[in-house]
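Heads up: the protein sequence lines correspond to chains A and B, in order. Position one of the first sequence corresponds to residue 14 (our numbering), numbered consecutively onward. Position one of the second sequence corresponds to residue 14 (our numbering), numbered consecutively onward. Where is the CB? At the ideal position from N, CA and C, for every residue including glycine. Reviewing the structure listed below.
There are 2 protein chains.
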Amino acid sequence: MSQYEHTCMIRGDGGRTIRTILDRICDKWTLLVVATLDQQRLRFTDLHRQIPGISQRMLTLTLRNLERDGLVSRTAYAEVPPRVEYALTATGRSLIPPALALAGWAIEHIADIEASRAAYETRSAP
Amino acid sequence: MSQYEHTCMIRGDGGRTIRTILDRICDKWTLLVVATLDQQRLRFTDLHRQIPGISQRMLTLTLRNLERDGLVSRTAYAEVPPRVEYALTATGRSLIPPALALAGWAIEHIADIEASRAAYETRSAP
DNA sequence: CAGAATCCTGAATGATACTG
DNA sequence: CAGTATCATTCAGGATTCTG
């Protein structure tokens, strides 16, 4: 099957499926949290430390959404002080390869894109 | 190289590279426009017709950003009435495979995700 | 430690009307 | 036909404070 015929995966149903998934992973932090949890269970504070710039609030929200969607598991231990561990589920792990495909594309083309952007600015703002 | 070692592609530089690209493609319409232009040059109105729900304003903005980033080329013909054709550049075409990888993941896992989401709702809103 | 609650701002999107 | 210009709305995300 050609690439052309595949784009129906994106355009099918007016883009609702792709939208559902983009809504999941395209916020500011989700992909970073998933990548950070790759191959390691982490506590809330450790995640917070390993993701520079994220606020407590956004880390909480991001983890809740990932948990809700079944990409991340949350394990709370009845201890004092409390201990909570987060880890990827099988579904969560399965997101890594396509995410890497995208990251690879980004790395490969970011120079071209930024050059094009710079040239565009020059043209429109003399 | 293992998948684990690869996630540095996402986490490297605090996620700035992946952010740059997510900022490009994660708005509501970009990926849909790119997929629609796959294998065909289209005029503004044709694009507008082929992408249900998009407003003129958002189509314009999306195309401008794509053009600015060098993913889409814009060709204006000096005719009356005006004719403008949009097409993917080589860089734009190169985005299709990773986008399809993501779409494939979405299709494969959307049922699980929505089930998990439904179960989560039931749990938290009795 | 692992969060919840609240307030606030800018940016993305949409609706509508106008134009070379 | 291919846009531009304005206005209104919504909401993601950040800062801050409080708590079991």
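Within the region 24-97 of chain A, complete beta strand (DSSP E) segments of at least 3 residues are found at 85-90, given in chain order. Straight across, the Cα-Cα distance linking threonine 49/B with glutamine 63/B is about 7 Å. Of all C-beta pairs linking the region 35-45 of chain A to the region 74-87 of chain A, three or more are shorter than 8 Å, placing the two stretches in contact. A distance below 6 Å between beta-carbons, with the five flanking residues on each side excluded, links arginine 54/B to the following residues of its chain, in chain order: Glu98 and Ala100. Annotation: Cβ neighbours of threonine 49/B in chain A (cutoff 9 Å, chain order): Thr20, Ile23 and Arg24.
Straight across, the Cα-Cα distance linking proline 110/A with proline 94/B is about 47 Å. Chain B places a beta carbon closer than 8 Å to that of threonine 33/A, counting this residue as a contact. Going by DSSP, leucine 108/B is part of no alpha helix (DSSP H) at all; its letter is neither H nor E. Contact between threonine 104/B and glycine 83/B holds: their C-beta atoms lie close to 5 Å from each other, under 8 Å. Under DSSP, the beta-bridge partners assigned to leucine 101/A are Val85/A.
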